[in-house]
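J.: So that we are looking at the same thing, I have put the structure below in structure tokens.
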Amino acid sequence: MGSVASDYLVTDDLTILLGLVAATVFLLNNLYKPQPLVHPILLGRQSDVARVRNPGESGVYRNYGTGLMGRFPVRPTKEVYILADFIKSDTEGSRTLWSTKTTNHTLQDRIAALGTGFLRLAGLRPKESHVLIALNDCIEFIISDFALASHSIASHTLSSAKLLSPVLESHPPSAIITHAELLPQILELIYDAGDRSGNHTIIVVGEPSVQAMASVASNINILKFSEVEREGVRVEKIISPLPNPEDVFTVSFFESETGHLQGAQLTHQNMTAGTAAIRALLPPSHALSSLDTIVSAHSLGTAFGRAVAYSAIFEGTSFGTLESSKLFYVEEHPLTHDIADILSSKNFPIPSPTIFFIKPGHLESLVTSISKHAKKSWLLYPFARRHKLANLAEGYITKESLWDRLVFDGARAKVIGDGAGTLRAVVVGGGAVSAPSLTPSRISLSIPLVNAFIHPLVPGPVLASHPLDLQDFPSLDENAPSSVAHVGPPSVNTEVKLVGVDDNVIESGGDPVGLLLIRGPSVGKHLNNDDFVSIPSDDDKEGWIATGVRAKVQTNGAFKVLAAK
Numbered sequence: 001m002g003s004v005a006s007d008y009l010v011t012d013d014l015t016i017l018l019g020l021v022a023a024t025v026f027l028l029n030n031l032y033k034p035q036p037l038v039h040p041i042l043l044g045r046q047s048d049v050a051r052v053r054n055p056g057e058s059g060v061y062r063n064y065g066t067g068l069m070g071r072f073p074v075r076p077t078k079e080v081y082i083l084a085d086f087i088k089s090d091t092e093g094s095r096t097l098w099s100t101k102t103t104n105h106t107l108q109d110r111i112a113a114l115g116t117g118f119l120r121l122a123g124l125r126p127k128e129s130h131v132l133i134a135l136n137d138c139i140e141f142i143i144s145d146f147a148l149a150s151h152s153i154a155s156h157t158l159s160s161a162k163l164l165s166p167v168l169e170s171h172p173p174s175a176i177i178t179h180a181e182l183l184p185q186i187l188e189l190i191y192d193a194g195d196r197s198g199n200h201t202i203i204v205v206g207e208p209s210v211q212a213m214a215s216v217a218s219n220i221n222i223l224k225f226s227e228v229e230r231e232g233v234r235v236e237k238i239i240s241p242l243p244n245p246e247d248v249f250t251v252s253f254f255e256s257e258t259g260h261l262q263g264a265q266l267t268h269q270n271m272t273a274g275t276a277a278i279r280a281l282l283p284p285s286h287a288l289s290s291l292d293t294i295v296s297a298h299s300l301g302t303a304f305g306r307a308v309a310y311s312a313i314f315e316g317t318s319f320g321t322l323e324s325s326k327l328f329y330v331e332e333h334p335l336t337h338d339i340a341d342i343l344s345s346k347n348f349p350i351p352s353p354t355i356f357f358i359k360p361g362h363l364e365s366l367v368t369s370i371s372k373h374a375k376k377s378w379l380l381y382p383f384a385r386r387h388k389l390a391n392l393a394e395g396y397i398t399k400e401s402l403w404d405r406l407v408f409d410g411a412r413a414k415v416i417g418d419g420a421g422t423l424r425a426v427v428v429g430g431g432a433v434s435a436p437s438l439t440p441s442r443i444s445l446s447i448p449l450v451n452a453f454i455h456p457l458v459p460g461p462v463l464a465s466h467p468l469d470l471q472d473f474p475s476l477d478e479n480a481p482s483s484v485a486h487v488g489p490p491s492v493n494t495e496v497k498l499v500g501v502d503d504n505v506i507e508s509g510g511d512p513v514g515l516l517l518i519r520g521p522s523v524g525k526h527l528n529n530d531d532f533v534s535i536p537s538d539d540d541k542e543g544w545i546a547t548g549v550r551a552k553v554q555t556n557g558a559f560k561v562l563a564a565k
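In UniProt numbering, the protein residues as written are 1 to 565.
This is the structure in structure tokens:
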């Protein structure tokens, strides 16, 4: 028996060699196999849901990181209570905002001077006046907004240029701040309104033309923005009592899905909570810092666009906006969300962008262009794509790999230019992203990608996907709800629920589908005015606000926005 057993143990050199090779391959495969950047358990439970629900409703959902019993963050740091606190006094570094290089100290001085000029030269009154800011995105917009808020003078902003006429007619402002080239259009709207509008004060950024000034009627007072600011420089600054965080500092006008004019009342706390939610979009290891440059496609006339800008102000980053964020044009201008629009950020002398806040059209154009250039490396592209897909399947993503250096780096540089090397995160909001486009986007960009659902009433994101959630759930039916990419769980300071759900589906373990309601410290309120139509909600007493969209909750707590109701 011993001799028989020993016969089985006899090996030659080839067998030993093959065994060593197999062991080496096994070890290398495990040692060099990329580890997931996020633990799968965290992606499997992205929301906490209340165990108790009302008939016809889903449970209340919160972000898993906040928890059902956790307190909502209402400010980015404990020192920030009102708008003025976004500008840190102890920060001395400079940054570039659009075309202006400035420091926090200079910003504070300009805001104080302009606020004093508003009171002395423009005759505005704290807690009584309200000013329409009809400006495209620029540093004057931010300085005006901060100056008005510091004296408790409400600002009115627009999400679309076509709202200018109805807002002037139904809610005439105490003063209007606009660009010099837009002065003729503003005057025409005022004249069309007739004598009902009374006296008007228009503060003009830039130098108005002789023709425009010649057409100014006697009941209209034209002031130059520079003169108003200079007035505050030459006299002692007027300091008003500090506003409360719960005070409304702005009304952002927007158009509902049915075409009705709506107004979102936003408090200081709404905005500080919105910036806290934006800050939480990126994990602590990729947090915003003064070394970043943010480029946004969202107009400052919108709640979300302003929160993005004020996040940049707070973090000390450089900031610029795309051409498509402009609302007002002297002539008709086609609105595009393409590569040319993304590259329009180069019109400003800001450093190369590190974080994009863009819209779905931008993402699609960006990914299509990068893929097109990458495929020109016809020999290496199939191998590069296969390795990228393998990494994504393991929950890992990087743009520092060998295949990036050989294939994708060059393609990105041809599309984005210098920003290809600095770009480190992309946040998409303002529309639906298709689920099939997510994997190509992650391959082409190879950086954290956040898909967010935003709403005109909310400065921050309502729902937002985890930046390192690399899961892919393909669907055979392109028209099915699953073809829409999920927008993640509620943000860190919103809670949501669905109404009009099928109880039988929920009781049988199915995914709830219904109308999306939201509440939280970042959610504003509808303007209470008979001239405006408010969105109905049966849950107003509990603070719930209807968003006007249908949504579905997946098993892992991530939401999909299906369509408007």
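All C-beta atoms in this analysis are idealised placements derived from N, C-alpha and C, irrespective of residue type, glycine included.
Computed from a prediction, not measured in an experiment: that's the story for all the values here.
Considering only DSSP beta bridges, list what residue 204 is partnered with.
T.: Answer is 178, 224, bridged to residue 204.
J.: From 109, 502, 282, 21, pick the residue whose C-alpha is nearest to that of residue 54; which is it?
T.: Residue 502 is the option with its Cα nearest to residue 54.
J.: What do you reckon, are the CB atoms on residue 322 and residue 345 nearer than 7 Å?
T.: Going by C-beta atoms, residue 322 is nearer than 7 Å to residue 345.
J.: Who are the Cβ neighbours of residue 515 in its own chain at under 7 Å, not counting the five residues just before and after it?
T.: Excluding positions up to five away in sequence, the list reads 498, 499, 500, 546, 550, 565.
J.: Going by beta-carbon coordinates alone, are residue 411 and residue 373 separated by less than 7 Å?
T.: In contact: residue 411 and residue 373 (Cβ atoms closer than 7 Å).
J.: Going by other Cβ atoms of all chains shown within 10 Å of its Cβ, with 16 needed for buried, is residue 173 buried or exposed?
T.: Buried, by the Cβ-count rule.
J.: Quick one: which unbroken alpha helix (DSSP H) runs of 4-plus residues sit fully inside the stretch 106 to 160? Chain order, please.
T.: List check, alpha helix (DSSP H) in window: 139 to 150.
J.: Roughly how many whole angstroms lie between the Cα atoms of residue 70 and residue 496?
T.: Looking at the two C-alpha atoms, the distance is approximately 15 Å.
J.: Would you kindly report the start and end of the unbroken beta strand (DSSP E) that includes residue 250?
T.: Residue 250 -> beta strand (DSSP E) spans 248 to 255.
J.: When the Cα of residue 48 is compared with those of 63, 42, 36, which residue comes out closest?
T.: Checking every option, the nearest Cα to that of residue 48 belongs to 63.
J.: Roughly how far, in whole angstroms, is the beta-carbon of residue 403 from the beta-carbon of residue 384, given that I think they are within contact range, below 8 Å?
T.: Between residue 384 and residue 403 the Cβ distance is about 4 Å, and since that is below 8 Å, they are a contact.
J.: Would DSSP call residue 415 helix, strand or coil?
T.: Residue 415 falls in the helix class under three-state DSSP.
J.: Using 7 Å as the threshold, is the C-beta distance between residue 493 and residue 524 below it?
T.: Result no, Cβ atoms of residue 493 and residue 524 do not sit closer than 7 Å.
J.: For residue 559, list the residues DSSP reports as bridge partners.
T.: Note: residue 559 sits in a beta bridge opposite 553.
J.: Verify whether the separation of the beta carbon atoms of residue 297 and residue 324 is less than 7 Å.
T.: Yes, Cβ-Cβ distance for residue 297 and residue 324 is below 7 Å.
J.: Ordered along the chain, which non-local residues of its own chain (more than five positions away) have a Cβ less than 8 Å from that of residue 138?
T.: Cβ within range, chain order: 98, 205.
J.: Tell me where the beta strand (DSSP E) around residue 63 begins and ends.
T.: Residues 61 to 63.
J.: Buried or exposed: residue 235, going by 16 or more other Cβ atoms within 10 Å of its Cβ?
T.: Classification for residue 235: exposed.
J.: Looking at C-alpha atoms only, which residue of 224, 427, 282 is the closest neighbour of residue 207?
T.: Looking at the Cα atoms, 224 is the closest of the given residues.
J.: So, for residue 288: in the same chain, excluding its five sequence neighbours on each side, which residues have a beta-carbon less than 6 Å away from its beta-carbon?
T.: 315.
J.: Distance, Cα to Cα, residue 41 vs residue 542?
T.: Computed Cα separation, rounded: 33 Å.
J.: If we count the other Cβ atoms within 10 Å of its Cβ and call it buried at 16 or more, is residue 530 buried or exposed?
T.: The predicted position of residue 530 is uncertain, since its pLDDT is 41 and thus under 50; no value can be drawn from it.
J.: When you compare the CB positions of residue 148 and residue 253, do they come within less than 7 Å of one another, or not?
T.: Taking 7 Å as the Cβ cut-off, residue 148 and residue 253 do not qualify as a contacting pair.
J.: May I have the straight-line CA-CA distance separating residue 178 from residue 247, to the nearest angstrom?
T.: Residue 178 and residue 247: Cα-Cα distance of roughly 25 Å.
J.: Would you report the Cα separation of residue 285 and residue 244, rounded to the nearest angstrom?
T.: Residue 285 and residue 244: Cα-Cα distance of roughly 33 Å.
J.: Any chance the stretch 82 to 98 sits against the stretch 346 to 360, with 3 or more Cβ pairs inside 8 Å?
T.: The stretch 82 to 98, when compared against the stretch 346 to 360, does touch it at the 8 Å Cβ threshold.
J.: Got a sec, what are the start and stop residues for the beta strand (DSSP E) residue 514 sits in?
T.: 513 to 519 is the span of the beta strand (DSSP E), which, as asked, contains residue 514.
J.: What are the residues that DSSP puts in a beta bridge with residue 526?
T.: In DSSP, residue 526 forms a bridge with 264.
J.: Does DSSP classify residue 96 as helix, strand or coil?
T.: If DSSP states are grouped into helix, strand and coil, residue 96 belongs with the strands.
J.: Exposed or buried, which one is residue 89 when buried takes at least 16 other CB atoms within 10 Å?
T.: Result: exposed.
J.: Quick one: using the 10 Å Cβ neighbour count with 16 as the cut-off for buried, is residue 468 buried or exposed?
T.: Burial call: buried.
J.: What are the complete alpha helix (DSSP H) segments, minimum 4 residues, inside the stretch 310 to 356?
T.: Complete alpha helix (DSSP H) runs here, min 4: 339 to 343.
J.: Rounded to the nearest angstrom, how far is the Cβ of residue 418 from that of residue 355, given a contact under 8 Å?
T.: Not quite, the Cβ-Cβ distance comes to about 15 Å (not below 8 Å), so this is no contact.
J.: Report back the beta-carbon spacing between residue 107 and residue 153 to the nearest angstrom; my notes put them in contact at under 8 Å.
T.: Rounded, the Cβ-Cβ distance is 18 Å, inconsistent with contact.
J.: Based on the DSSP secondary-structure assignment, which residues constitute the bridge partners of residue 490?
T.: Residue 490 pairs with 463.
J.: If you follow the alpha helix (DSSP H) that residue 388 is part of, which residue opens it and which one closes it?
T.: Start and end: 381 to 393.
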